[in-house]
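Student: Below you will find the structure I want to go over with you.
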Ligand SMILES: Cc1ncc(COP(=O)(O)O)c(C=O)c1O
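Residue numbers (the working numbering): 34 to 352.
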């Protein structure tokens, strides 16, 4: 199968490492190693999205997310490398002192508009309306939806499957587990598995939205990709298990138990998980798969998000 053209922005392939925690050995795919500034899963999607933006001669990117969005931070950095400006539409409040991902976007001097949650629910139409206004003054705007999760972005994780399927450690595993936010990572993995004929389990830990809602979101990204690229494969949803109940404190919050786990895991392995995505996904992984056998064959995908920890420094600053 011919993949669409992409840019080369991420450090790929990312390694798979063996870790031992709670007397259990298991594997972690280090997608937090895709870059330092670019760190995490979003840059894989941006390699495909930004090539499309360049092809369409965009001068400005509009994209959106929470105020600590990893996707927004990665977009600003990658777009500036290509000489493209970015405007961010962020769910949150303007703060006196920006930290974490937002600090990086501030360093990049990016145009930012803050929205309430109510306004953010209409962010796609807000971006579309403002894009029309700019078009009227001859500015070419390229809109990237939340998390970079659309027909183009999803190729980042189709390509991830191509990459991981060549790594011997993956061949021995029975499946993978990762955080699920906007659905693009899992949609890409499902499509990648379909393309390669891989039949392993995919566990997705929901951090925002529940399984009932997320299955619809994932399905529409999959269908959009199949339609746009005329792919003749069928995603097998029986491989997918979306898990609720690991982000009950809310998307922007991190429960004390998760803070404890993130610290303990860091102290024993030297690996930092983030408070919004990978910390919650690992909480599920820890509960379900660790401490029962000496070896576990579900591979954990560390999708990055390191900067998010700085935005929650108060939670981590004690014992
Ligand atoms: C660090 C991190 N992990 C996982 C995810 C989830 O990926 P997706 O939005 O593709 O579901 C995101 C983004 O939402 C993220 O920033």
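Heads up, the beta-carbon is just placed ideally off N, CA and C, and yes, glycines get one too.
Give the DSSP-derived three-state secondary structure of residue 51 in the structure shown.
Tutor: Sequence index remark: in the chain shown, residue 51 carries index 18 (1-based). In this structure, residue 51 counts as strand in the three-state DSSP scheme.
Student: For residue 212, is the beta carbon positioned less than 7 Å from some heavy atom of ligand 1?
Tutor: For the purposes of this step, residue 212 is identified with residue 179 of the chain shown, where counting begins at 1. Yes, Cβ of residue 212 sits closer than 7 Å to a heavy atom of ligand 1.
Student: Would you call the region 332-350 and the region 78-97 touching, i.e. three or more CB-CB distances under 8 Å?
Tutor: Touching, no, given that fewer than three Cβ pairs across the two stretches are closer than 8 Å.
Student: Is the separation between the beta-carbon of residue 55 and that of residue 324 shorter than 8 Å?
Tutor: The count along the chain shown starts at 1 and reaches residue 55 at position 22. The count along the chain shown starts at 1 and reaches residue 324 at position 291. Closer than 8 Å, so yes.
Student: Comparing the CB of residue 219 with every heavy atom of ligand 1, is any distance shorter than 7 Å?
Tutor: Indexing the chain shown from 1 puts residue 219 at position 186. Yes, the Cβ of residue 219 comes within 7 Å of a heavy atom of ligand 1.
Student: Is residue 338 near ligand 1, with its Cβ less than 7 Å from a heavy atom?
Tutor: What you label residue 338 is simply residue 305 of the chain shown in a count that begins at 1. For ligand 1, at least one heavy atom lies less than 7 Å from the Cβ of residue 338.
Student: Any chance the CB of residue 310 is under 7 Å from a heavy atom of ligand 1?
Tutor: By 1-based counting over the chain shown, the position of residue 310 is 277. The answer is yes for residue 310.
Student: Does the beta-carbon of residue 130, which I'm using as the reference point, lie nearer than 7 Å to any heavy atom of ligand 1?
Tutor: Taking the chain shown and counting its residues from 1, the one referred to as residue 130 is at position 97. Flag unset: Cβ of residue 130 not near ligand 1.
Student: Use the C-beta contact count for residue 97: other C-beta atoms within 10 angstroms, 16 or more gives buried, fewer gives exposed.
Tutor: Taking the first residue of the chain shown as 1, we reach residue 97 at position 64. Classification for residue 97: buried.
Student: How many Å lie between residue 103 and residue 283 at the Cα?
Tutor: Sequence index remark: in the chain shown, residue 103 carries index 70 (1-based). Sequence index remark: in the chain shown, residue 283 carries index 250 (1-based). Roughly 17 Å between the two C-alpha positions.
Student: Taking only heavy atoms of ligand 1 into account, decide whether any of them is closer than 7 Å to the Cβ of residue 307.
Tutor: Position 274 of the chain shown holds residue 307. Yes - ligand 1 has a heavy atom lying nearer than 7 Å to the Cβ of residue 307.
Student: From residue 293 to residue 286, what does the alpha carbon distance come to, in whole angstroms?
Tutor: Locating residue 293 in the chain shown gives position 260, counting from the first residue. Locating residue 286 in the chain shown gives position 253, counting from the first residue. Their Cα atoms are separated by approximately 14 Å.
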